[in-house]
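Counting from 1 along the sequence shown, just add 492 to a position and that's the residue number in this note's numbering. All residues carry an ideal CB built from backbone N, CA and C; glycine is no exception. From a predicted model like this one, the values you see are computed outputs, not experimental measurements. Presented below is the structure to which this report refers.
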Amino acid sequence: MAAGDVLKSYPPRDLAIRNHISVPGMLARIGKNFGAKLVGLAISFVDRFLVVMVLLRGWGTDVFAEWAILMAVAGSFALAEMGLNIYFGNVWQQHRASLDHAAFQRTLGVAITWGFALACGTLLILIVGLTLLDVPSVFAIKMIPREQSQVILVLLSAASISRSARGAISQLYRGRQQYALGTLVDQVQFAALAVSTLVAASLGATPLVQAVVVLISDLVAGWGVMIRDLKQRFPDLTFRPQLPTSAEVVEIAHHVKWLVLQQGIPVAWQQAPVLVLGLMGIGGTPLVGFIILRTLVTFARQIVMMFSLSAAVELADALHNGRREAVVRNVEHSAVLMSVLLSIIGVGIAVLGASFVTLWTGRADLFDLSISLYLLAGAAAAVPSIPVTSLLTLANMPRPGAIAQVVQLAFGLAGLLLLSWKFGTAGAAAGLAVGDIVAFCIALPLLAHSVTGWFEPVPYLARCYWAMILSAIWCSLVVTTLVYLVGVTSVASFLVVGLLYAVLGAAPAGVVGLPAELRRSIIGRLRQQRVASRP
């Protein structure tokens, strides 16, 4: 069966049962997955905010900017994953649905072989690249000594390649329908890295020492913890490499050619702007300010993406079992809820961002409202399409999402290059927003409609953006009133305003964004509890 037929041709038996998914039940499972992701988000918060705060205050903007450039170069090696983690996770879910244990084990052996081969190939590329290019000179790295910067790049790149090689095997948890657990195990490495980095930074560690910490954390807390847990949890599985057959290679290549783009382009999208700005000679405070604000907006997008993946894992499982109509309804519910969620966070960044950045970094000059608004505009354009992209990807139909991301990268980087020459980092942010708008408001909706036959772009996007606008208006009124009444002049006052905003602004908007069935269920339970509490 062709990939595009998956959503169109599931057998019609027991349609009344197969096409019904209890929304509260589905959302409970999604909530479990999302809860695990939130743990990862909390760890990511420590890494992106506390670690950045400590390093920035300890090293200064110039050294930190060069560290960020080296991190971006090393992070580019995550392209080596080639989307194989998504592919093997999809295949394992299919084998689980069909109860084919032999095929499940065979796929594990092939996945180990592919991961090892890709890691070796990427290490070879790293060696050749460092031999032919003088990276410190290319990016005008001057504050970190040249020899140290080369060693730092090797260490950081090795850690990035190690994570990429581990990606496919980590999807075993999803294959055994334990996605939430797998997420928690995966976060052990990030937690260990955050803690060890903070300890090293508090002791005055140099960038070279921090790079050593990054690699050791990945090998010990990444590979060590995951392999030990997998062997104890799934003793029926044998971790032995197996060579793929020619038919398996063709099948992998058929799907991976799109997954490479879909997984690789977000890596390029994340790292390329920093590298391009570095090549243009934009460093120090302007580059650090751009990175800081992009971190805030990326954090908001990451929350939405986490929810989307948590939902898509459950919806893909339902799809593999033939419940297409229910899947379609729940995709729309997820999209509306995520649109509201982005509005809540986006309004908070726009109104409270200046105070947050000042308290976070100790530097008021690192916040630029225009950069924040351009980046948030791009996020708003992309969010409604994320649930569709995630579902199609986990259903082994990555082509629409991959093409849309090619469009995003092409238009975004073109816009960055055109606008940043004259307008600096604000122009770079505006150029990236152009890429998001063209890719996810035009390209992805049209491609998804042509592939699925059920996705109707205009009413779908209209519902999402209407929910986004209404929630943004409400949240803006609430948070601006709170800032006027309370004021944000210290950490304590910031926390008070944030808490009140969560209760008075975010909570009502979030409830309105829930599916009607779940909203009625919540209201009914609250009424029952109120009646039960009466004497």
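**Q.** Residue of Glu573, Ala672, Thr614 minimising C-alpha distance to alanine 650
**A.** With distances taken between CA atoms, alanine 650 lies nearest to Thr614 out of Glu573, Ala672, Thr614.
Q | Contact the region 926-933 vs the region 891-907: 3+ CB pairs below 8 Å | A | The answer is yes - the region 891-907 touches the region 926-933, with three or more Cβ pairs under 8 Å.
Q. CB of isoleucine 774 to nearest heavy atom of the ligand SAH: below 7 Å?
A. Ligands in the displayed structure: none, and consequently the ligand SAH is not present.
Q | Option in His825, Leu664, Ala873 with minimal Cα separation from arginine 725 | A | Nearest option by C-alpha distance: Leu664.
Q: Assign arginine 720 to one of two classes, buried (16 or more other C-beta atoms within 10 Å of its C-beta) or exposed (fewer than that).
A: With fewer than 16 other Cβ atoms within 10 Å, it is exposed.
Q: Given a cut-off of 8 Å, decide if glycine 667 and arginine 588 are closer than it, judged by their beta-carbon atoms.
A: A contact, by the Cβ cut-off of 8 Å.
Q. Between serine 877 and glutamine 794, what straight-line distance do the alpha-carbon atoms span, to the nearest angstrom?
A. Distance between the alpha carbons of serine 877 and glutamine 794 is about 14 Å.
Q | glycine 659 beta carbon less than 8 Å from that of asparagine 577 | A | Contact check for asparagine 577 against glycine 659 passes: the beta carbons are separated by less than 8 Å.
Q: Report the three-state DSSP secondary structure of leucine 507 (helix, strand or coil).
A: Its pLDDT being 37, under 50, leucine 507 is placed unreliably by the model, and nothing is read from it.
**Q.** Residue of Arg786, Ile744, Val843, Cys956 minimising C-alpha distance to cysteine 967
**A.** If we check each option's Cα against that of cysteine 967, Val843 comes out closest.
(Q) Measuring straight from C-alpha to C-alpha, what distance separates glycine 550 and valine 544? (A) When rounded, the distance between both Cα atoms is 10 Å.
Q. Which residues bound the alpha helix (DSSP H) around glycine 613?
A. Run containing glycine 613: 593-624, per the alpha helix (DSSP H) assignment.
Q | Of the listed residues Ala856, Val748, Phe986, nearest to leucine 886 (C-alpha basis) | A | Measuring from the Cα of leucine 886, the nearest candidate turns out to be Val748.
Q: Could you tell me whether the region 729-739 touches the region 671-685, using the rule of 3 or more Cβ pairs below 8 Å?
A: No: the two stretches stay apart, fewer than three of their Cβ pairs being nearer than 8 Å.
Q) Could you check where the alpha helix (DSSP H) with glutamate 573 kicks off and where it finishes? A) Unbroken run through glutamate 573: none, as it is neither H nor E.
Q) Roughly how many angstroms lie between the CA atoms of leucine 771 and phenylalanine 631, to the nearest whole one? A) If you draw a straight line from the Cα of leucine 771 to the Cα of phenylalanine 631, it comes to about 5 Å.
Q) Per DSSP, what kind of secondary structure is leucine 722 in: helix, strand or coil? A) Residue state, collapsed to three classes: helix.
Q: Would you mind working out which of Gln762, Trp584, Ala692 sits nearest isoleucine 561, comparing C-alpha positions?
A: The shortest Cα separation from isoleucine 561 among Gln762, Trp584, Ala692 belongs to Gln762.
Q) If you run the structure through DSSP and keep just helix, strand and coil, what is glycine 945? A) Coil.
Q) Would DSSP call lysine 634 helix, strand or coil? A) Lysine 634: coil per DSSP, three-state reduction.
Q) Taking Cβ positions, are valine 546 and leucine 690 nearer each other than 8 Å? A) Using a Cβ distance threshold of 8 Å, valine 546 and leucine 690 count as a contacting pair.
Q. Taking all protein chains shown into account, do 16 or more other C-beta atoms lie within 10 angstroms of the C-beta of serine 709, making it buried, or fewer, making it exposed?
A. The residue in question, serine 709, is buried, as its Cβ has 16 or more Cβ neighbours within 10 Å.
Q.
Looking only at its chain, what residues have a beta carbon closer than 6 Å to the beta carbon of serine 568, apart from the 5 residues adjacent to it on each side?
A. The answer, listed in chain order, is Gln763.
Q.
Check for me: the alpha helix (DSSP H) holding methionine 545 runs from which residue to which?
A. Element bounds for methionine 545: 544-551.
Q.
On the criterion of 16 or more Cβ atoms from any shown chain inside 10 Å, does isoleucine 837 qualify as buried, or is it exposed?
A. Isoleucine 837 comes out buried.
Q. To which residues of the same chain is valine 705 closer than 8 Å at the C-beta, ignoring the five residues directly before and after it?
A. Contacts found: Leu685, Ser688, Thr689, Ala692, Ala697.
Q: Report buried or exposed for aspartate 857, applying the criterion of at least 16 other Cβ atoms within 10 angstroms of its Cβ.
A: Within 10 angstroms of the beta-carbon of aspartate 857 lie fewer than 16 other beta-carbons, which makes it exposed.
Q. Quick check: the region 956-974 against the region 821-832, are there 3 or more CB pairs under 8 Å?
A. Yes: the two stretches touch, three or more of their Cβ pairs being nearer than 8 Å.
Q | is_contact[valine 926, chain B] using C-beta, thresh 8 Å | A | Note that chain B does not occur in the displayed structure, where there is just one protein chain.
Q) To the nearest whole angstrom, what separates the beta carbons of leucine 996 and valine 970, a pair I think is in contact under 8 Å? A) About 5 Å separates the two Cβ atoms, so the contact holds.
Q) What's the call for serine 864, buried or exposed, on a 16-neighbour Cβ count within 10 Å? A) Here serine 864 is buried: its Cβ has 16 or more other Cβ atoms, across all protein chains shown, within 10 Å.
Q: Report buried or exposed for glutamate 455, applying the criterion of at least 16 other Cβ atoms within 10 angstroms of its Cβ.
A: Given a span of 493 to 1027 for the chain in the structure shown, any question on residue 455 remains unanswerable.
Q.
Looking only at its chain, what residues have a beta carbon closer than 6 Å to the beta carbon of glycine 621, apart from the 5 residues adjacent to it on each side?
A. Shown here for glycine 621: not one same chain residue has a beta carbon closer than 6 Å to its own, the five before and five after excluded.
Q. Taking glutamine 597 as the reference, which of Phe731, Asp554, Pro699 has the closest Cα?
A. Nearest C-alpha to glutamine 597: Phe731.
**Q.** Coil, strand or helix - alanine 887 by DSSP
**A.** The answer is coil: DSSP assigns alanine 887 none of H, G, I, E or B.
Q: With a 10 Å radius around its C-beta and 16 neighbouring C-beta atoms as the bar for buried, classify isoleucine 961 as buried or exposed.
A: Label assigned to isoleucine 961: exposed.
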